[in-house]
Amino acid sequence: MDNNYYRLNYLLNRFQWENYVEGKENDLNSICNEMYINIENMDLNRYLIRDKIEKNPRVSILKNKIDDYWSRCIANKCDKNLIAQNLHDDVIKLINIREEVSKEIGFSSYKTAIMKSEELNISFVKKYLNSFIEHNIDKVKNLINKYNIKWNSWFKDLNLINCKFCENINSEYIIFKFAKLLGMEEALKYIKVETNNNFYFATKVGSDDIRICISNIKTLDDYRTLCHELGHAFLYYYSSIENEKNYFKITPCVDEVIAVIFENIGIEILCSAKEKEKLRDIISIEYTRTALSALLEFEILQNPNNAEELFIKYYSMLGIDINNANLWCLDSFRSIDSMYIYSYTLGQIVADQYLKMILNINENYIELGQALKSLCMKASKESYKKLFNMS
Ligand SMILES: [Zn+2]
Numbered sequence: 002m003d004n005n006y007y008r009l010n011y012l013l014n015r016f017q018w019e020n021y022v023e024g025k026e027n028d029l030n031s032i033c034n035e036m037y038i039n040i041e042n043m044d045l046n047r048y049l050i051r052d053k054i055e056k057n058p059r060v061s062i063l064k065n066k067i068d069d070y071w072s073r074c075i076a077n078k079c080d081k082n083l084i085a086q087n088l089h090d091d092v093i094k095l096i097n098i099r100e101e102v103s104k105e106i107g108f109s110s111y112k113t114a115i116m117k118s119e120e121l122n123i124s125f126v127k128k129y130l131n132s133f134i135e136h137n138i139d140k141v142k143n144l145i146n147k148y149n150i151k152w153n154s155w156f157k158d159l160n161l162i163n164c165k166f167c168e169n170i171n172s173e174y175i176i177f178k179f180a181k182l183l184g185m186e187e188a189l190k191y192i193k194v195e196t197n198n199n200f201y202f203a204t205k206v207g208s209d210d211i212r213i214c215i216s217n218i219k220t221l222d223d224y225r226t227l228c229h230e231l232g233h234a235f236l237y238y239y240s241s242i243e244n245e246k247n248y249f250k251i252t253p254c255v256d257e258v259i260a261v262i263f264e265n266i267g268i269e270i271l272c273s274a275k276e277k278e279k280l281r282d283i284i285s286i287e288y289t290r291t292a293l294s295a296l297l298e299f300e301i302l303q304n305p306n307n308a309e310e311l312f313i314k315y316y317s318m319l320g321i322d323i324n325n326a327n328l329w330c331l332d333s334f335r336s337i338d339s340m341y342i343y344s345y346t347l348g349q350i351v352a353d354q355y356l357k358m359i360l361n362i363n364e365n366y367i368e369l370g371q372a373l374k375s376l377c378m379k380a381s382k383e384s385y386k387k388l389f390n391m392s
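Residue numbers are given in this note's numbering: position 260 of the sequence shown equals residue 261, and the series is strictly consecutive.
So this is what it looks like as structure tokens:
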């Protein structure tokens, strides 16, 4: 990969950020195309697989079209059924094109290509997702009942699981406290925080320019998101300390897994017992949903024409009525971030390895911070399996 490719990556991140956060209408197609030309004739290594598929103009043009439409709709708070109706055909088309392009570059399927890029395989991922679901499903069904969570208003209802403490929380103070406890204040110089109630994400748009977008903190779940996005930002900072280019070798799975670990740590070291209890409930509910969503995705990729049926089959396992199967094509943003949702649950599965450290350190979290820093520094060099000794 040459310097031009890295420059284009940052530029794409910057344009994407401006489109989401600042409502700009930057054309992403020309950058994607330039990136594709850059890597088209390079030998395939695992870090290039995703881009060889995603930056192929047949994929990127359609994906950017869906992304532009979707983000405009979110900003304007359009009706979800209408968005789903308008996106349905393009989402099916995108699934099929990703499949075709994966075969063209030598893989048996899109799934196999992405698994290879993460040094994972489907049976490994399914084994862990299924065991997470098995362990949690009964508890989660009870929690869904207890908090009266409905499928139609899932995220809104999760936001209602709340504590008084969360009102008027100052996110700047929380960010500072989190970083200080872990001995990571140095990273904050490079992290810019933007508030926006529609989009939550983290990105890096230049060598010393890391950005996170979060909402005003009003609920426990907002708080959880803040810790999560900050986790991405810490990863982007520490991974690049030795070599700037390491950032470009953080694969989407490892990126998400580490953010989930920070999310758990943030909850554990900053929250009261009562807040923690409720946040643990939210985490169990959400990461069971992401596990189901991932299993659903694996099947949809094989059988996109049965997506509605599969949507009902998987989410009914939560013990609730699923009455809007047409929304499958918006589910987990998978047209935009395909083969990715499984990473959240894989993150939760290894978060315990770090939470256990807290039990032995008597509220001196600097050592934990050191362990997290070294995890971030290794993140661009190792796969999920190797980083967390999973087999
Ligand atoms: Zn994330």
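Each residue gets a CB set at the ideal place from its N, CA and C atoms; glycine is no exception.
Original post:
When the Cα atoms are used, what is the spatial distance from L1 to L130?
Top reply: Any property of residue 1 remains undetermined from this structure, which presents the chain solely from 2 to 392.
**OP:** Jot down the residue ranges of each uninterrupted beta strand (DSSP E) in the stretch 55–121, minimum 3 residues, whole runs only, in chain order.
**Re:** none
**OP:** Enumerate, from N- to C-terminal direction, the unbroken beta strand (DSSP E) stretches of 3 or more residues contained entirely within the stretch 205–292.
**Re:** Those beta strand (DSSP E) runs which fall completely within the stretch 205–292 and span 3+ residues are 210–215.
**OP:** Report the rounded CA-to-CA distance for G184 versus E195, giving the unit in angstroms.
**Re:** Approximately 23 angstroms, taken between the alpha carbons.
**OP:** For E300, I'd like the list of residues in its chain whose CB is within less than 7 angstroms of its CB, leaving aside the five on either flank, ordered along the chain.
**Re:** L311
Original post:
Apart from the five residues on each side of it in sequence, which residues of its chain come closer than 7 angstroms, Cβ to Cβ, to F16?
Top reply: N27, L29, I32
Subject >> Residue span of the alpha helix (DSSP H) that contains E35, given as start and end >> reply: 30–40
Original post:
At a cut of 8 angstroms, does the stretch 307–325 reach the stretch 227–242 through at least three beta carbon pairs?
Top reply: no
Original post:
Per DSSP, which one or two residues make a beta bridge with I437?
Top reply: This structure cannot speak to residue 437, because the chain is shown only from 2 to 392.
Subject >> Own chain residues within Cβ distance below 8 angstroms of N65, not counting five before or after >> reply: L29, N30, C33
**OP:** Thinking A85 and C330 are a contact (beta carbons under 8 angstroms), I'd like their distance in whole angstroms, please.
**Re:** Rounded to whole angstroms, the Cβ separation of A85 and C330 is 5 angstroms, and the two are in contact under 8 angstroms.
Subject >> Identity of the residues DSSP links to T196 by a beta bridge >> reply: I215
Original post:
Is it buried or exposed for Q349, if we count other Cβ within 10 angstroms and need 16 for buried?
Top reply: buried
Original post:
Less than 9 angstroms separating the beta-carbons of F202 and Y315?
Top reply: Pairing F202 with Y315 gives a Cβ-Cβ distance that is not under 9 angstroms.
Original post:
In this structure, does DSSP put A380 in helix, strand or coil?
Top reply: Of the three classes helix, strand and coil, the one that applies to A380 here is coil, per DSSP.
Original post:
Quick one: does the C-beta of A203 sit closer than 8 angstroms to a heavy atom of ligand 3?
Top reply: Of the ligands one can find in the structure shown, namely ligand 1, none is ligand 3.
**OP:** Examine ligand 1 and report whether any of its heavy atoms sits within less than 8 angstroms of the Cβ of E287.
**Re:** no
Original post:
How about N14 and N39: do their beta carbons lie closer than 9 angstroms?
Top reply: No, the pair does not count as a contact, with Cβ atoms beyond the cut-off.
Subject >> Contacts around I102, its chain only, beta-carbon distance under 7 angstroms, and the 5 residues preceding and following it disregarded >> reply: Checking the displayed sequence, the identity of residue 102 turns out to be Val instead of Ile. So the qualifying residues of the chain are I54, N57, R59, V60.
Original post:
What is the DSSP secondary structure of F389, counted as helix, strand or coil?
Top reply: coil
Original post:
Cα-Cα, which of S216, T252, Y341, E120 is closest to N199?
Top reply: S216
Original post:
Among residues of its own chain, excluding the 5 on either side of L328, which ones have a beta-carbon nearer than 8 angstroms to its beta-carbon?
Top reply: K81, N82, A85, F312
Original post:
Would a C-beta distance cut-off of 9 angstroms place S118 and Y48 closer than the cut-off?
Top reply: yes
**OP:** Would you mind reading off the limits of the alpha helix (DSSP H) that contains S417?
**Re:** Because the chain in this structure spans residues 2 to 392, residue 417 falls outside the shown range and cannot be described.
**OP:** Give a single yes or no on whether A260 has its beta carbon closer than 8 angstroms to a heavy atom of ligand 1.
**Re:** yes
**OP:** Measure the CB-CB distance between K382 and E120 and report whether it falls below 9 angstroms.
**Re:** no
Original post:
Hey, would you say W402 sits closer than 9 angstroms to R212, going by beta carbons?
Top reply: Because the chain is modelled from 2 through 392, residue 402 falls outside the range shown and cannot be assessed.
Subject >> Proximity of R335 and E298 at Cβ, strictly below 9 angstroms >> reply: yes
Original post:
A188 bridges to which residues according to DSSP?
Top reply: The bridge partners DSSP lists for A188 come to none.
Original post:
Are the beta-carbon atoms belonging to I399 and L369 less than 9 angstroms from one another?
Top reply: An answer regarding residue 399 cannot be provided, because it is not within the stretch 2 to 392 covered by the chain.
Original post:
From Y238 to A188, what distance separates their C-alpha atoms?
Top reply: 6 angstroms
**OP:** State yes or no: is the C-beta of E364 within less than 9 angstroms of the C-beta of I266?
**Re:** no
Original post:
In terms of residue numbering, what span does the alpha helix (DSSP H) encompassing R335 cover?
Top reply: Element bounds for R335: n/a, residue is neither H nor E.
Subject >> Backbone CA spacing between M116 and S110 [nearest angstrom] >> reply: Rounded to whole angstroms, M116 to S110 spans 10 angstroms at the Cα level.
Original post:
Cβ of D256 within 8 angstroms of any heavy atom in ligand 1?
Top reply: Yes, ligand 1 has a heavy atom inside 8 angstroms of this Cβ.
**OP:** Leaving out five residues on either side along the sequence, give the residues of the same chain with a beta carbon under 8 angstroms from the beta carbon of K277.
**Re:** I268, E269
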